[in-house]
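Asks: Quick note: the sequence shown uses the numbering used here, first residue 85, plus one each step.
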Amino acid sequence: MKAFTGKVLWIDLTSGTWSEEIIPDSIYQKYLAGIGLGAWLLYREIPKGADPLGPQNVLGFMSGLLTGTGSLFTGRWMAVAKSPLTGTWGDANCGGTLAYAIKQCGYDGILFKGQSAKPVYLYVDSHGPQLCDASHLWGKDAVETEDLLLSEYHGKKRPAIATIGTAGENLSLISGIVNDRGRLAARSGLGAVMGSKRLKAIVLAGAQRVVAHDPVKTKLLAWQCTRAVVLPTKYLPAKILALLGRVLGKLPVAMTQSGALFARVLATWGTVGTFQVSVGMGDTPFKNWTGSERDMPQVYDAIEPDRVRAIEKRKYHCRGCPIGCGGIVKLQNVLPGDKLPDEKPLDSHKPEYETIASFTSLLLNDDLELVYEINEMLNRAGMDTISAGGTVAFALECYERGWITKEDTGGLELTWGNSSAIRAVVQQMITRQGFGAWLSDGVKKAAEKLPPVAQEAAVHAGGQEVAYHDPRLDPGLGLHASVEPNPGHHTNGGNLNYEMYRLWTRLPNLPPAPPVYSRVIRYTPSDWLIESAVAASNFAQFYSSAGACYLGMMFGVDRVPIFEWTNAITGWKLSPEEYLRIGCRIQTLRQMFNIREGIDPRTLKISPRLTGNPPLEHGPNRGYSFDLQAFMQAYWKSIGWGEETGIPTDQTLRMLDLLDVVRAERREVLL
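1. Under 8 Å, with one C-beta from each stretch per pair, do the segment 212–227 and the segment 147–162 reach the 3-pair mark?
2. Starting from I412, follow the beta strand (DSSP E) in both directions and report where the run begins and ends.
3. Could you give the distance in angstroms between the alpha-carbon of G572 and the alpha-carbon of G239?
4. Tell me the rounded alpha-carbon separation between P425 and D431.
5. Out of V227, A619, W588, T368, state which residue places its alpha-carbon closest to the alpha-carbon of L447.
6. On the DSSP bridge list, what partners appear for P213?
7. With a threshold of 16 other CB atoms inside 10 Å of the CB of L557, please say whether the residue is buried or exposed.
8. For the putative contact between G198 and P139, defined by C-beta atoms under 8 Å, what is the C-beta separation to the nearest angstrom?
9. When you compare the segment 363–381 with the segment 689–700, are there three or more beta-carbon pairs, one atom per stretch, that lie closer than 8 Å?
10. Tell me which residues share the same chain as C309 and place their Cβ nearer than 7 Å to its Cβ, disregarding the 5 neighbours each side in the sequence.
11. Whose C-beta lies closer than 7 Å to the C-beta of T247 among residues of the same chain, with five residues either side of it excluded?
12. Just the Cα atoms here: how many angstroms apart are E609 and N579?
13. What's the call for D422, buried or exposed, on a 16-neighbour Cβ count within 10 Å?
14. Nearest CA to the CA of E105: which residue from V92, E388, Y127?
15. Secondary structure at G656, three-state DSSP: helix, strand or coil?
16. Going by DSSP in three states, Y601 sits in which element: helix, strand or coil?
17. Closest to P760 by C-alpha separation, out of V455, D468, V600, Y607, would be which residue?
18. Any idea what DSSP makes of L97, helix, strand or coil?
19. Measuring alpha carbon to alpha carbon, tell me which of F145, N449, G577 ends up nearest S503.
20. Would you call G404 buried or exposed, if buried means 16 or more other Cβ atoms sit within 10 Å of its Cβ?
21. Would you please verify whether the beta carbon of S272 is less than 8 Å from any beta carbon of chain B?
22. Looking at C-alpha atoms only, which residue of G190, M380, L591, E129 is the closest neighbour of A87?
23. Should R311 be labelled buried (16 or more other beta-carbon atoms within 10 Å of its own) or exposed?
24. Pairs of beta-carbons, one from the segment 199–218 and one from the segment 162–178, closer than 8 Å: are there three or more?
25. Bridge partners of H401, per DSSP?
26. Classify P420 as buried or exposed, calling it buried when 16 or more other Cβ atoms lie within 10 Å of its own Cβ.
27. Using only alpha-carbon positions, find the residue among K721, I683, W720 that is nearest to T170.
28. At the level of alpha carbons, what is the spacing between W102 and V349?
29. When we look at the beta-carbon of D451 and count the other beta-carbons within 10 Å, is it buried (16 or more) or exposed?
30. I need the DSSP call for F370, collapsed to helix, strand or coil.
31. How would you label H574, buried or exposed, when you count the other beta carbons within 10 angstroms and need 16 or more for buried?
32. Please check the pair A176 and A269, which I expect to be a contact at CB under 8 Å, by giving their CB distance rounded to whole angstroms.
33. My parser needs the alpha helix (DSSP H) runs of 4 or more residues fully inside the segment 219–307; what are they?
34. When DSSP labels each residue in this structure, what does V745 get in the three-state scheme?
35. By the 10 Å Cβ neighbour count, where 16 or more other Cβ atoms means buried, how is E568 classified, buried or exposed?
36. So is L335 buried or exposed if we call it buried at 16+ other beta carbons inside 10 Å?
Now the structure itself:
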C-alpha cells in the first residue's frame, strides 16, 4: 500500500448498499487527497440546488495525503458536504485518531449519499463494510455512544469512532461531528447533515499498512522537524504572556511572531496559552464584539492558563503530533445536561482558546468553572462552541437592547455574565427546547425572527459565526472570512498566518514579512498584503489536502518540511510553487461549487461591526477600520476571479485545468 490508497468507499444509505471507486493517480496529482479530493468528488456528485438536509447531499469523511506515513502534524481528517448553515461549500477539520483509521480501512475517503429509513452506523474492518442498526444509540450523547460502541467491539482491534450527539440528531445547523470523546469537526453544520441521513456513527477497525515512497527520508525529515520544533525552552509563567500582550497592544508597530515560541506555548498550555496575550493585543473580542478588556478588567486573573494547566490529567496528542496541545482535565462534580452531580471526577477534554473566548470575554463571564461545564456539554451534544457562544452573545445583546424581553426568554435574565442564565440557554439550545430552540440554528436564523435592526448584533459571515480573532487587529482575518468558499473560517489565512507560515523561505518569489512594520499598513490592500493573502489561501488548501494541522503549519515551513515530505512520501518531484498551484485549483473549484449553487460571493462578507464600522471607542483596536470591499476585490483580482463578482474567469479555469470540470455550470452562470 502506498501513501494514498487509490480508492474511496461509497455508502448508499437509501438502499443500504456500498461500492468502491478507484481513483486514478492523475486525480491525486491534481487534487491530492483530503479536502481536494473531497471537492472533486462532491462537485461531481451533488446536483445543483440539492437540499443540504436531503438525500442528494453527500457527506464525506476524508483522510489526508500524508496521514499515517511517519510525517508529523499530518493526522487531520476533513468532513465535507454542502453546508446547511450557509448553503455554500461546507467543510470541517478535526484531529484525533480517525484520519489514520480511514486509511487503515483501505480508503482515502468514506462518502455517504441518500438517507436511511432508520438510525444506522457504519462498521468497517478487514472483512469489509457493513451497516448496523443504531436504534439503541439514537438519543445518546457522543461520549455515551462511543463508549457503547467500544464495548460492543471489546476484544477486537480498538476502533476509531466518529459520531453525532443530540444536537446533530435534532438537526441543529451549528452541530458538528465528534471523535475521541470530544474532538469536533465542528464547523459548517455538518453534524446536521449526518443527522438528516440518520447516520449515528462510523466505526473503523481496519488494519492495512500505510507506507511512504521513501520511508528513510520521511523519518529523517521527521527527526529534523522534531529537533526544530520541540525546543528545550524553560517553562514561563502565563503572566509573562499577559504582559507581552499588553505591551504589543500599545505599540504603534507590529512584529512578525515566532513559530518557535508558539510551539512552546502550545506544548505547555495548549491553545488556552494564547488567551491572555490575545486579550492584550486586541485579538480577543469582548461583549459581542462591541467592547474591550475595559469591560471585564478581571479577565487576566479570572481566565488564567495556569489554572487550566493545574487540573490537566494528561496530554492529548493527535496522531503524528509531537506537541500534544490538547489535554484531558479532571472535573469534580460536573456532569452535563440535567444529570445530577457525581462525586466521581469526570475526565473531559481541556477547553480550547475558541471555547474559552466564546464563553468568557464574549459574554463578559468570569466563571471558568462554567466554561469547563459548557465545554463538556457541547462536546457531548456535538455542537460547535464558536457558533454556540456567538449565538448566546447575540441573545444577551438583544436582551440588553430590549429586542427580546424576560417574557420571551421564559423568565431567564439574559444579562452579561449571568452564569446560570448562560448555562440554561446552552442546555435549551442543545435540546431544542424553550427559548433556546430559537437559537439552535445560529445567529443569522435567530435574527431573521426579530426586527431588521437586530441584524447589526448578529455577527457572522454568510450565515456562519466568526471565530474569536478580531479583524480590527488583523484585517486579513476579515478578508479570508469573507472570500473563503466556506465563509467565516479563521484557519485559512490572515496577516499573522502568512507571517508564521514563512512561505518565502521555500518560495523566493513571495514577499518576506518584515520583522517590524507600522501597524497602519495592515489596513490598506497593498500588493504585498494581497499577494500574501492569496498565497496563504492556496497553502491552506494544500496542507489541508495533505492532512496537516493548521497549528503545526504555524511553526513555519522552514521548521516543518511539508513540501519535502510530500515529495518523499509520494515519489513526486513537484516544487513548492506547483503545490501552491494545486492549492489554488482546489480553492477555485470550491468557489465554483458556490457559483453553481447560485451564491453571490459578495454576500458572504463579515458583519460591518468587524470592519470597525462603527469603530471601537476603547481598547487596543480603538479607532481602527478598513474597507473590506476593497480588500475583497483586490483578492479576487489577484487569485484570478472576477474583480467585481468573485467568479473565477475562464482564463483562470483554463490555466488550472478546470474548464472541462465546470464547463456546463460556467456557461450557465455567464448566461
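Yeah, the Cβ is synthetic: ideal placement off N, Cα and C, and Gly gets one too.
Because the structure is a prediction, the values reported are computed rather than measured.
Replies: Put simply:
1. These segments do not touch.
2. In the DSSP assignment, I412 falls within the beta strand (DSSP E) that extends over 410–415.
3. About 43 Å.
4. Caution is warranted here: a pLDDT of 45 is assigned to P425, below 50, making its placement in the model unreliable, and no coordinate value can be reported.
5. With distances taken between Cα atoms, L447 lies closest to T368.
6. Note: P213 sits in a beta bridge opposite V208.
7. By the neighbour-count rule (16 or more Cβ atoms within 10 Å), L557 is buried.
8. With a beta-carbon spacing of about 5 Å, G198 and P139 fall inside the 8 Å limit used to define contacts.
9. Of all C-beta pairs linking the segment 363–381 to the segment 689–700, three or more are shorter than 8 Å, placing the two stretches in contact.
10. Closer than 7 Å at the Cβ level, and outside the excluded window around C309, lie L156, R643, V644, P645.
11. Within its own chain, the residues whose Cβ lies closer than 7 Å to the Cβ of T247, once the five positions on either side in sequence are excluded, are A226, T229, E230, V262, K284, A285, listed in chain order.
12. In the sequence as displayed, the identity of residue 609 is Pro instead of Glu. N579 has its alpha-carbon roughly 11 Å from the corresponding atom of P609.
13. At D422, the pLDDT of 44 sits below 50, so the modelled position is not reliable; the number obtained from the coordinates is stated separately. It counts as exposed.
14. The shortest C-alpha to C-alpha distance from E105 to any of V92, E388, Y127 is the one to V92.
15. For the record, residue 656 in the displayed sequence is Trp; it is not Gly. Of the three classes helix, strand and coil, the one that applies to W656 here is coil, per DSSP.
16. In the structure shown, Y601 sits in a strand (DSSP, three-state: E or B).
17. Only positions 85 to 755 of the chain appear in the structure, and residue 760 is not among them; the question remains open.
18. The answer is coil: DSSP assigns L97 none of H, G, I, E or B.
19. The shortest Cα separation from S503 among F145, N449, G577 belongs to N449.
20. Note on G404: 16 or more other CB atoms within 10 angstroms of its CB, so buried under the neighbour-count rule.
21. Absent from the structure is chain B; it holds one protein chain and no more.
22. Just measuring C-alpha positions, the residue of G190, M380, L591, E129 sitting nearest A87 is G190.
23. Answer is exposed; the Cβ neighbour count stays below 16.
24. They do not touch, by the three-pair rule.
25. Under the DSSP definition of a beta bridge, H401 lacks any partner.
26. For P420, the predicted model reports a pLDDT of 49, less than 50, meaning its position is unreliable and no value from the coordinates is stated.
27. Ranked by Cα distance from T170, the first of K721, I683, W720 is I683.
28. Cα to Cα, W102 sits roughly 45 Å from V349.
29. It counts as buried.
30. Residue state for F370 is assigned as strand, using DSSP reduced to three classes.
31. Under a 10 Å Cβ-count criterion, H574 is classified as buried, with 16 or more other Cβ atoms of the shown protein chains found around its own Cβ.
32. Your pair A176 and A269 checks out as a contact, with CB atoms roughly 4 Å apart and the cut at 8 Å.
33. Taken in chain order, the whole alpha helix (DSSP H) runs of length 4 or more contained in the segment 219–307 are 226–236, 250–253, 274–280.
34. Helix.
35. E568 should be labelled buried.
36. So L335 counts as exposed.
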